[in-house]
Ligand SMILES: Nc1ncnc2c1ncn2[C@@H]1O[C@H](COP(=O)(O)OP(=O)(O)OP(=O)(O)O)[C@@H](O)[C@H]1O
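Numbering (UniProt numbering), first residue to last: 1 to 344.
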């Protein structure tokens, strides 16, 4: 079942990943890297590729597995990953969920990220790598598109992002398809732990993977996964650019960066005069950033739109309360969120 050998045949996928890592500067030589391994083909492929490339990059690698405890075979799954880590002579970290109340994919993911962050913090790994592929990226874009989203949701899975000041999340396989990871594992004689829930059509994501994408491939474009992933990649660069502009605009609008502030400068306030001429896309992003700083939860579309309305409203106009009770109002050039009812 296991492949005890550390000897390997260099494949085109090794070259591709080596190049991707270098060109995109996803990982650096000597990095301490925690590989999140579910036991499925994508993360196993990723782990083996990094293991094989380690000699060139001098990384310190470790494997983490999160056992949600949902499936009857979850303990055996965790033991398999542990055995594999052992056979590859890599440190292994296992966390088993006590009792995950909510069996949704979203809460499982949230729990996993918390667990991975905790392991990385405790053991000083600066990077966590995940096995998301081009296929996941296409599925995520479609999933988010159907739920309703902006360009941010459609960029679907970024190559890297900071999880904390000291830990970054990296996805090196975003240009690799699921069939490539499957072929790689079979070529390297790595047993894949099949997750039965991946077959369950009650999950929207599985329906996208098993029904929608094959349909689109047959009836529209056999390369549909690649094309959709490319769209995500284009949007990623655009989102990155717009976010930089929005961030700069927010800085300009804050009272500490204004020459004349008559009102109390400690208030949560932005100067709406500066916003008048900004494009709507930038206004929205700027307002979202501002709300993220002052509201207890991530703002939604309607909440952002309420603030956008105030940019051109008459003096004294106000919104109804935001979560946490804050109310935004217009006072001359300023839009003010009452500080007493928002988070610090
Ligand atoms: N239980 C888990 N423990 C550790 N890491 C996980 C676990 N589940 C998922 N991951 C990480 O998150 C990535 C994406 O997970 P997702 O559930 O979308 O795909 P997956 O079908 O589990 O992928 P894989 O083919 O690697 O199993 C995985 O490739 C892996 O790096």
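The C-beta atom is built at its ideal place from N, Cα and C for all residues, glycine as well.
Here the structure is a predicted model, which means the values were calculated and not measured.
**Q.** Between the CA atoms of residue 45 and residue 1 - distance to the nearest angstrom
**A.** Note on residue 1: pLDDT 46, under 50, position unreliable in the model; no value is reported.
Q) Within 7 Å: the Cβ of residue 36 and any heavy atom of ligand 1? A) Within the cutoff, so yes.
(Q) Can you tell me whether residue 175 is helix, strand or coil according to DSSP? (A) coil
Q.
Using 8 Å as the threshold, is the C-beta distance between residue 40 and residue 193 below it?
A. For residue 40 and residue 193, yes; Cβs fall inside 8 Å.
Q) Going by the beta-carbon positions, is the gap between residue 177 and residue 230 smaller than 8 Å? A) no
(Q) Buried or exposed for residue 201, going by 16 or more other Cβ atoms inside 10 Å? (A) Around the C-beta of residue 201, fewer than 16 other C-beta atoms lie within 10 Å, and the residue is accordingly described as exposed.
Q) Alpha carbon to alpha carbon, how far is residue 318 from residue 163? A) 35 Å
Q: Using only alpha-carbon positions, find the residue among 98, 123 and 122 that is nearest to residue 111.
A: 98
Q.
Quick check: is any heavy atom of ligand 1 less than 7 Å from the C-beta of residue 64?
A. yes
Q) Got a sec? Which residues, its chain only, sit under 8 Å from residue 31 by beta carbon, not counting five neighbours each side? A) 57, 59, 60, 126 and 127
Q) Would residue 50 pass as a contact of residue 170 if the rule is Cβ separation under 8 Å? A) no
(Q) If I measure Cβ to Cβ from residue 236 and keep anything under 7 Å in the same chain, skipping five residues before and after, which residues do I get? (A) 155 and 158
Q) Do residue 290 and residue 250 come within 8 Å of each other at the CB atom, strictly closer than that value? A) yes
Q: Go ahead and pull the three-state DSSP assignment for residue 344.
A: With a pLDDT of 45 at residue 344, under the threshold of 50, the predicted position of this residue should be treated as unreliable, and no value is reported.
Q | At least 3 beta-carbon pairs within less than 8 Å: the region 217-224 vs the region 61-80 | A | no
Q | Cutoff 6 Å; reference residue 182; Cβ partners in own chain excluding five residues on either side | A | 41
Q | Bridge partners - residue 334, DSSP secondary structure assignment | A | 271 and 331
Q. In its own chain, which residues sit with a C-beta less than 6 Å from the C-beta of residue 85, not counting the 5 before and 5 after it?
A. 63 and 92
Q | Residue burial classification, residue 309 (beta-carbon count within 10 angstroms, cutoff 16) | A | exposed
Q) Comparing alpha-carbon positions, which option in 21, 149 and 190 lies nearest residue 8? A) 190
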